[in-house]
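Working notes for the structure below.
Residue numbers (this note's numbering), protein chains in the order written: chain A, 146 to 257; chain B, 46 to 164.
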């Protein structure tokens, strides 16, 4: 699986958009970009994933650059409960299943 | 989605002893994994629990130290053997459900974790 690079930490004001970047310059054509987050003392939670098109769900939006070498997770209106470590993970989709490899992630702190 | 429970939620153990952690899922799942999260660190995959066969261990983890069982599609155990203070971590069970349709949605869910302290 391709490696990812994320900033160690970021701050965001409550109610503003949080934009979390991720570099994955060695991504292969069949690898998807996944985002998970881990709120303190809880297990990681799936947020969103994409291959090459931008994606949006009830939690967030994912913007993937045309060359697929980087992506941005957008939380449109951050709340205090969004304070967490956010992990960007790149991996191949397999119907037989594939494991997640976690990097260090970005600690997002949403401030009142 | 899958609901995962782990027992115990936390424990304090003496060095040299062993602890078995249980993971129960509310539905049959294809894949079950065990992760370790040391204090202030990211998650590290220990092994993939295979139903009916030996677990597949990641580099740096061995069966003698972390024996794993998976007797069916909803249950798995991880034992931390001959514990030392370096084993103090959160141990997380994770499960994967992989729909046959395309779209890359490898659903993976995590349990609440077992916080282990070894003294």
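By construction, the Cβ of each residue, glycine as well, lies at the ideal position given by its N, Cα and C atoms.
Task: chain B contact residues for residue 226(A), given Cβ-Cβ distances below 9 Å - done: Counting only Cβ-Cβ distances below 9 Å, residue 226(A) has no contacts in chain B at all, with the closest Cβ about 17 Å away.
TODO: Quick one: list the residues of chain B neighbouring residue 246(A), beta-carbon separation under 8 Å, in chain order.
DONE: Chain-ordered, the chain B residues with CB closer than 8 Å to the CB of residue 246(A) read 90.
Open item on the list: In whole angstroms, give me the CA-to-CA distance for residue 106(B) and residue 257(A).
Closed with: Cα to Cα, the separation comes out at about 42 Å.
Open item on the list: Per DSSP, what are the beta-bridge partners of residue 205(A) in this structure?
Closed with: Per DSSP, none; premise fails for residue 205(A).
Open item on the list: Can you pull the chain B neighbours of residue 249(A), defined as C-beta to C-beta under 9 Å?
Closed with: Chain B residues near residue 249(A): 86 and 87.
Open item on the list: Is the beta carbon of residue 58(B) closer than 9 Å to that of residue 165(B)?
Closed with: Nothing about residue 165(B) can be read from this structure; chain B reaches only from 46 to 164.
Open item on the list: Please report whether the beta-carbon of residue 98(B) lies at a distance below 9 Å from any beta-carbon of chain A.
Closed with: For residue 98(B), the closest Cβ of chain A is not nearer than 9 Å.
Task: Own chain partners of residue 217(A) with C-beta closer than 6 Å, once the 5 adjacent residues on each side are dropped - done: Taken in chain order, the residues that qualify are 164, 166 and 208.
TODO: Have a look at residue 199(A) and residue 244(A) and give me their C-alpha separation to the nearest angstrom.
DONE: If you take the alpha carbons of residue 199(A) and residue 244(A), they lie about 23 Å apart.
Open item on the list: In this structure, how does DSSP classify residue 116(B) when only helix, strand and coil are distinguished?
Closed with: If DSSP states are grouped into helix, strand and coil, residue 116(B) belongs with the strands.
Task: DSSP beta-bridge partners of residue 235(A) - done: Per the DSSP secondary-structure output, residue 235(A) pairs in a beta bridge with 178(A).
- [ ] Please state whether DSSP places residue 55(B) in a helix, a strand or coil.
- [x] Strand, per DSSP.
Task: Members of the stretch 175 to 198 of chain A that neighbour chain B once the beta carbon cut-off is set at 7 Å - done: Under the 7 Å Cβ criterion, the stretch 175 to 198 of chain A contributes 177, 187, 188, 189, 191, 194 and 196.
TODO: Just mark residue 221(A) as buried or exposed, buried being the case when its beta carbon has 16 or more other beta carbons within 10 Å.
DONE: Burial call: exposed.
TODO: In the DSSP assignment, find the beta strand (DSSP E) that holds residue 194(A) and state where it starts and stops.
DONE: Looking at the DSSP string, the run of the beta strand (DSSP E) that includes residue 194(A) is 190 to 195.
Task: Where residue 169(A) falls, given that 16 or more other Cβ within 10 Å makes a residue buried - done: By the 10 Å Cβ count, residue 169(A) comes out buried.
Task: Residues near residue 52(B) by beta carbon distance below 6 Å, same chain, minus five either side - done: Answer for residue 52(B): 67, listed in chain order.
- [ ] Examine chain B for any beta-carbon lying closer than 9 Å to the beta-carbon of residue 231(A), and answer yes or no.
- [x] No, because no Cβ of chain B sits closer than 9 Å to the Cβ of residue 231(A).
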